[in-house]
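Asks: Residue numbers (the numbering used here): 606 to 1018. Note that the Cβ used here is the ideal one computed from N, Cα and C, for glycine as well. Input: one structure, supplied below.
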Ligand SMILES: NC(=O)c1ccc[n+]([C@@H]2O[C@H](COP(=O)([O-])OP(=O)(O)OC[C@H]3O[C@@H](n4cnc5c(N)ncnc54)[C@H](O)[C@@H]3O)[C@@H](O)[C@H]2O)c1
C-alpha cells in the first residue's frame, strides 16, 4: 500500500509526531519545519540515527509548504493553527493539528467551512482521549453501563512553572504568556465529550487571580480557569485546567443515573454500577486496569494517548472506517474548544452564562463569523479582551529578561 507522505510543522512538541510517523509502516516522514534551527538539528540527528536520510528540513514555512507531501501535522504555536491549516487544506493537504483547535469564534467558523469546502481529512490531536482508562470509560458509557449522564468532571492540572523558561523562552508575546485562563481547555473538556458523544450548549466560567508564582515568569492571566458547561442532554460538567498546585494531576469522572465511572489516576478505572430499578444504592463496585486500545501502546506519551492521534490520522486518510470513527473530526474539535473561547467572554462579563452555538448548522454560523474576541492582540484586533482582568497592569521587561536568561542557562523557572 502507498504510504502517506507527511510533513511536521513545529519541532518541539512535533517531535512526538515525528517519532510516531517514523514508527508507522503506513506513513513516511518527508519534511520538517521549524524556524528555530537547534530543534531542526536535533530532529535531523534523531532521524539519521534511525537510518532516515531522505527528510528535508526547512526553516521557512513557505519553503516547507512547497514540499511534495500528502499531509501535514501542525505542532506550531497553539494560537496559529487555523491560518496555516487553512492554507494547507486549500492546497489539498490533509491536516492534523495539535491543541488548541482555534483561537476565536471567527476561526471556528472558518476552519469548519475550509474542511467542508476542501473535503480533505482534518484530525484533532486531543491525545488525552485515548489513554486505556478513558477509552474504557467511553466504551462502558456508550454501552449504557451507567445510564444517562447527569454530571461529569474533566480536570487537567499542570503546574508548568518549573519549565516556563524552556517553553516560553522569555518572549513577552509567546502564546503561553498571552493566553487567557480558559484558552487551554480541550484536555479537560475533550475526553468528556469524546466519551459521551454529548455537545456543549452553555458555559459559565471562572478564574483565579493572576498568582505571583506565574506572573513572575511572564504570564498575566488568571492562573486557574474553570468552565461549568451545560451539555446537550441537560447534564452539566466541570472543566478545570492548568497551573494550580496540586497533589493529583487530573480527574475524569462520569456520573449517570445508574452508576459512575472514574479515572482513578493510577492506570485503573473505578466503576459503580446498578443493574436497574430496585437497586438504588446497592450496585456493584469494581476497580481494574483496562488494557490499551492496541496492546503494546501503553508506554507511549501522556499515559498511552500519544500513539493514537497520528495512528488514526494516517488511517483516516487511507479510508479506514474504524479510524474515521475514532479520530476527532472538525465539529467535535470545535466543540471541545469553544467553551473556553466563550468561557473567557463569560468571565469578562462577570461570569455570565453564554450560549454555545452548534456550528454544524450553517444557519448558526453568521452570528460568529466576525467574532475575534480573545486575549491575543494580533488576532483579536479591536475586540481584544486582555488576559488580565484584575487590573494588575503590564509585566515589567526585567521579568522577561530574567526568564530569557534562565532559558539560555537551562535553569528552571
Ligand atoms: N497534546 C499535548 O499533550 C501537547 C503537549 C505540548 C504541546 N502541545 C501543543 O503543541 C504545539 C507546540 O507546542 P510546543 O510545546 O512545541 O511549544 P511552542 O508553541 O513554543 O513551539 C512551536 C514551535 O513551532 C515553531 N514555529 C512556530 N511558528 C513557526 C513559523 N511560522 N515558522 C517556522 N517555525 C515556527 C517554533 O519555532 C516552535 O519551535 C502547541 O499547539 C501546543 O499546544 C500539545
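Let me confirm a value: residue 658 is counted as buried when at least 16 other C-beta atoms fall within 10 Å, else exposed. Which label applies?
Replies: exposed
Asks: Per DSSP, what kind of secondary structure is residue 917 in: helix, strand or coil?
Replies: helix
Asks: With a threshold of 8 Å (Cβ to nearest heavy atom), would residue 670 be considered close to ligand 1?
Replies: no
Asks: Where does residue 981 fall in DSSP's three states?
Replies: Correct three-state label for residue 981: coil.
Asks: Tell me which residues share the same chain as residue 663 and place their Cβ nearer than 6 Å to its Cβ, disregarding the 5 neighbours each side in the sequence.
Replies: 638 and 669
Asks: Going by DSSP in three states, residue 894 sits in which element: helix, strand or coil?
Replies: coil
Asks: Looking at ligand 1, does it come within less than 8 Å of residue 762, judged from the CB to the closest heavy atom?
Replies: The answer is no for residue 762.
Asks: Figure out for me which residue from 905, 872 and 960 has the closest Cα to the Cα of residue 742.
Replies: 872
Asks: Counting only runs of 4+ residues fully inside the stretch 676-701, write out the alpha helix (DSSP H) ranges in chain order.
Replies: 686-695
Asks: Going along the chain, which residues of its own chain have a beta-carbon closer than 7 Å to the beta-carbon of residue 970, five neighbours each way excluded?
Replies: Answer for residue 970: 714 and 964, listed in chain order.
Asks: If you draw a straight line from the alpha carbon of residue 870 to that of residue 982, how long is it in whole angstroms?
Replies: The alpha-carbon of residue 870 is positioned some 37 Å away from that of residue 982.
Asks: Look up residue 954 in the DSSP assignment and say whether it is helix, strand or coil.
Replies: coil
Asks: Whether or not the stretch 770-790 and the stretch 917-934 are in contact is what I'm after, with contact meaning three or more pairs of Cβ atoms, one per stretch, closer than 8 Å; do they touch?
Replies: no
Asks: Hey, is residue 651 close to ligand 1, as in C-beta under 8 Å from one of its heavy atoms?
Replies: no
Asks: Please tell me whether, using a cut-off of 8 Å, the distance from the CB of residue 666 to the nearest non-hydrogen atom of ligand 1 is below it.
Replies: Between ligand 1 and residue 666, a heavy atom-to-CB distance of less than 8 Å is present.
Asks: Output needed for residue 753: all residues of its chain with C-beta closer than 6 Å, excluding positions within five of it in sequence on either side, in chain order.
Replies: Sequence-distant partners of residue 753 (beyond 5 residues in either direction) whose C-beta falls short of 6 Å from its own C-beta, in its chain, are 861 and 862.
Asks: Is it a yes or a no for the stretch 991-1000 touching the stretch 790-800, going by three-plus beta-carbon pairs under 8 Å?
Replies: no
Asks: If we call anything under 9 Å between Cβ atoms a contact, is residue 763 one with residue 726?
Replies: no
Asks: Can you tell me whether residue 631 is helix, strand or coil according to DSSP?
Replies: coil
Asks: Which residue or residues does DSSP assign as beta-bridge partners of residue 804?
Replies: DSSP lists no partner for residue 804.
Asks: What are the start and end residues of each continuous beta strand (DSSP E) run of 3 or more residues lying completely inside the stretch 853-882, in chain order?
Replies: 855-861, 864-868 and 874-878
Asks: Thinking just about the alpha-carbon of each residue, which of 711, 635 and 684 is nearest to the one in residue 702?
Replies: 684
Asks: Do the stretch 884-902 and the stretch 786-794 meet, that is, are 3 or more Cβ pairs less than 8 Å apart?
Replies: no
Asks: According to DSSP, is residue 723 part of a helix, a strand, or is it coil?
Replies: helix
Asks: Return helix, strand or coil for residue 672, following the three-state DSSP convention.
Replies: Of the three classes helix, strand and coil, the one that applies to residue 672 here is coil, per DSSP.
Asks: Per the DSSP calculation, residue 831 is bridged to which residue(s)?
Replies: 811 and 845, per the DSSP bridge assignment.
Asks: Is any non-hydrogen atom of ligand 1 found closer than 8 Å to the C-beta of residue 685, if you look at the structure I gave you?
Replies: yes
Asks: Count the other C-beta atoms from every protein chain shown that fall within 10 angstroms of the C-beta of residue 739, then say buried if there are 16 or more, exposed otherwise.
Replies: buried
Asks: Can you check the stretch 737-802 for any alpha helix (DSSP H) of at least 4 residues that lies completely inside it and give the ranges in chain order?
Replies: 737-747, 769-773, 780-783 and 791-801
Asks: Roughly how far, in whole angstroms, is the beta-carbon of residue 935 from the beta-carbon of residue 609, given that I think they are within contact range, below 8 Å?
Replies: With a beta-carbon spacing of about 19 Å, residue 935 and residue 609 fall beyond the 8 Å limit used to define contacts.
Asks: Specify the secondary structure class of residue 886 as computed by DSSP and reduced to three states.
Replies: coil
Asks: Within 10 Å of its beta-carbon, does residue 810 have 16 or more other beta-carbons around it, so buried, or fewer, so exposed?
Replies: buried
Asks: Just checking my contact of residue 961 with residue 859 at CB under 8 Å: how many whole Å lie between their CB atoms?
Replies: With a beta-carbon spacing of about 20 Å, residue 961 and residue 859 fall beyond the 8 Å limit used to define contacts.
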